[in-house]
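Asks: Submitted below is the structure of interest, expressed as structure tokens.
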Ligand code: NDP
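Residue numbers (the numbering used here): 82 to 484.
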């Protein structure tokens with residue numbers, strides 16, 4: 082029986098825990114711990130009502146190593162699934178090393194005082210995990226996560242090499258709020274206000290945030306404007322698909338979102354430098370995050386679909402010259418809510434987190450050290466996407482993207 086301990090009790094965690102409970106043959110025993118135990122209990126209640134499975138809940142601050150070690154020794158999990166925030170990644174990896182526990186997450190480490198995320202901090206743990214015979218799997222959400230698995234599946238089954246890669250992330254959902262982010266507001270706003278960066282001819286090209294816009298017709302959603310952004314899987318893809326000539330990441334935003342964000346930025350509300358307010362320090366972005374709608378409350382009102390996928394161009398495996406393929410998933414917000422009580426952004430992240438955990442617990446994916454998802458066989462993961470609520474489709478396009 083495989084025991085798993087999930088850390089964090091937000092929207093992504095809620096979906097992952099529901100889906101784990103729906104697969105009891107893989108997840109024999111589930112424990113859930115977070116900073117606020119009441120949130121764990123609410124998830125446990127919903128899981129019991131929907132699946133009949135009971136999960137244990139605990140309160141823990143993942144940044145406190147002794148408390149984490151005590152909890153892990155009590156629960157004795159084989160694997161820790163980190164669905165808290167990127168700030169906690171290193172602390173949770175330390176706890177895994179101290180207790181001999183495997184590790185998985187969905188977002189790479191980000192220091193609190195610098196809006197910067199990169200893999201170097203977590204890659205630096207490779208030797209320590211290898212020496213202990215442990216596996217850490219980084220970035221098992223949708224993007225990062227599925228988008229990299231999509232690229233590796235295309236490279237295994239359709240293309241000998243990938244020359245051009247575009248990742249297109251479209252959320253066509255409408256939550257009915259004037260302004261809200263669909264995952265953790267602080268992390269989301271740090272990500273979209275950072276300069277855009279893409280990979281071209283062996284180097285990073287930086288452009289101002291939200292400066293490059295491209296209209297695109299998304300199946301299941303319709304026409305949307307997408308914006309060039311930096312996203313963390315570009316770093317691992319550039320490393321593990323070394324032949325890439327160009328790799329870009331695009332995300333759709335509505336005009337209302339951009340207008341609100343521009344105003345918030347202009348008045349300093351997205352800053353991460355502390356300011357003094359009534360005798361105490363506050364971080365403007367953290368305050369903003371506290372007043373924005375909580376992503377896990379958006380599910381009940383969100384309608385529409387997401388469409389996230391990869392367009393890859395390269396030399397065909399069958400020797401027929403250069404080919405372009407589009408591999409994508411369409412997810413419906415209302416279906417996701419009906420199944421798990423959460424909207425599609427949490428769903429499209431929580432399901433791949435559960436699948437990555439299933440890969441590790443069943444031994445379909447194994448290794449000693451720190452791994453990115455690109456280093457694993459895409460086939461068993463792709464098969465589970467189809468059976469666990471995120472079916473994908475692939476089609477050939479007439480040629481490379483025109484933009
Ligand atoms: P939420 O903010 O909804 O949830 C985060 C949870 O972590 C909360 O329950 C929070 O507790 C808990 N937490 C925060 N700090 C600590 C701590 N020190 N100790 C213990 N628990 C803590 O986030 P989401 O569910 O939206 O996102 C979860 C993760 O998924 C994030 O890392 C995010 O970046 C990632 N993500 C990845 C995506 C992908 O496709 N790869 C897409 C979307 C998100 P409390 O309730 O007390 O605040």
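Each residue gets a CB set at the ideal place from its N, CA and C atoms; glycine is no exception.
(1) Output the distance between the C-alpha atoms of residue 371 and residue 88, rounded to the nearest integer angstrom.
(2) Can you name the residues that DSSP bridges to residue 115?
(3) Do the CB positions of residue 314 and residue 401 come within less than 8 Å of each other?
(4) Grab me the residues of residue 341's own chain with a C-beta within less than 6 Å of its C-beta, minus the 5 sequence neighbours each way, in chain order.
(5) For residue 86, which residues of its own chain have a beta-carbon under 6 Å away from its beta-carbon, when the five flanking residues on both sides are left out?
(6) If we cut at 8 Å on Cβ distances, does residue 315 have a partner in chain D?
(7) Specify, as a first and last residue, the run of the beta strand (DSSP E) that residue 298 falls within.
(8) Count the other C-beta atoms from every protein chain shown that fall within 10 angstroms of the C-beta of residue 329, then say buried if there are 16 or more, exposed otherwise.
(9) Buried or exposed, going by whether 16 or more other CB atoms sit within 10 Å of the CB of residue 463?
(10) Determine the closest residue to residue 175 out of 167, 197, 198, 144, with distance taken between C-alpha atoms.
(11) Cα-Cα, which of 115, 433, 384, 366 is closest to residue 355?
(12) With DSSP as the reference, identify every bridge partner of residue 357, one or two as the case may be.
(13) What are the boundary residues of the beta strand (DSSP E) that residue 474 is part of?
(14) Could you compute how far the alpha carbon of residue 411 sits from the alpha carbon of residue 347?
(15) With residue 435 and residue 446 assumed to form a contact (beta carbons below 8 Å), what rounded beta-carbon distance in angstroms separates them?
(16) For residue 207, which residues of its own chain have a beta-carbon under 6 Å away from its beta-carbon, when the five flanking residues on both sides are left out?
(17) Quick one: what's residue 387 bridged to in DSSP?
(18) When you compare each of 203, 241, 352, 337 to residue 274 by their alpha carbons, which one comes out closest?
(19) Looking at the strands, I want to know which residues DSSP matches up with residue 260.
(20) Assign residue 344 to one of two classes, buried (16 or more other C-beta atoms within 10 Å of its C-beta) or exposed (fewer than that).
(21) Among 91, 97, 363, which has the Cα closest to the Cα of residue 437?
(22) Given that a residue counts as buried once 16 or more other Cβ atoms are within 10 Å of its Cβ, and exposed if not, what is residue 262?
(23) Can you give me the Cβ contacts of residue 99 inside the same chain, cut-off strictly under 6 Å, excluding the 5 residues immediately before and after it?
(24) Does the region 180–193 come into contact with the region 122–142, if we say contact requires no fewer than three beta-carbon pairs (one atom in each stretch) closer than 8 Å?
(25) Is it the case that the Cβ atoms of residue 243 and residue 235 are separated by a distance below 8 Å?
(26) Just the Cα atoms here: how many angstroms apart are residue 168 and residue 141?
(27) With a CB to CB cut of under 6 Å and the five nearest residues on each side skipped, what residues in its chain are close to residue 554?
(28) With a threshold of 7 Å, establish whether the CB of residue 126 neighbours any heavy atom of the ligand NDP.
(29) To the nearest angstrom, how far is it from the Cα of residue 501 to the Cα of residue 222?
(30) At a threshold of 7 Å, does residue 115 count as lining the ligand NDP (C-beta to nearest heavy atom)?
(31) For residue 455, collect the residues of the same chain with a Cβ closer than 6 Å to its Cβ; drop the 5 residues on either side in sequence, then sort them by chain order.
(32) When you compare only the Cα positions, how much space is there between residue 245 and residue 393?
(33) What do you reckon, is the C-beta of residue 224 under 7 Å from a heavy atom of the ligand NDP?
(34) On the DSSP letters alone, give me the boundaries of the alpha helix (DSSP H) that residue 338 sits inside.
(35) Please list the segments of the alpha helix (DSSP H) lying wholly inside the region 216–248, counting only runs of 4 or more residues, in order along the chain.
(36) Can you give the beta carbon distance from residue 110 to residue 224, rounded, assuming they're within the 8 Å contact cut?
Replies: In terms of the structure at hand:
(1) 21 Å
(2) 140
(3) no
(4) 260
(5) Hits under 6 Å: 112, 156, 158, 161.
(6) Absent here is chain D; the protein component of the structure consists of one chain.
(7) 294–299
(8) buried
(9) buried
(10) 144
(11) 366
(12) 362
(13) Segment 473–478, the beta strand (DSSP E) holding residue 474.
(14) 35 Å
(15) Actually they do not touch by this definition, with Cβ atoms about 13 Å apart.
(16) 450, 451
(17) 252, 412
(18) 352
(19) Beta-bridge pairing links residue 260 to no other residue.
(20) exposed
(21) Nearest to residue 437 by C-alpha distance, out of 91, 97, 363, is 97.
(22) Buried.
(23) 128, 421
(24) Inter-segment contact for the region 180–193 and the region 122–142 is absent: fewer than three beta-carbon pairs are separated by less than 8 Å.
(25) yes
(26) Rounded to whole angstroms, residue 168 to residue 141 spans 15 Å at the Cα level.
(27) An answer regarding residue 554 cannot be provided, because it is not within the stretch 82 to 484 covered by the chain.
(28) No, the beta carbon of residue 126 sits no closer than 7 Å to any heavy atom of the ligand NDP.
(29) A query on residue 501 cannot be resolved here, the shown segment of the chain reaching from 82 to 484 and no further.
(30) yes
(31) 229, 233, 317, 321
(32) 6 Å
(33) yes
(34) Element bounds for residue 338: 336–347.
(35) List check, alpha helix (DSSP H) in window: 227–238.
(36) Going by Cβ atoms, the distance from residue 110 to residue 224 rounds to 30 Å, so no, they are not a contact pair.
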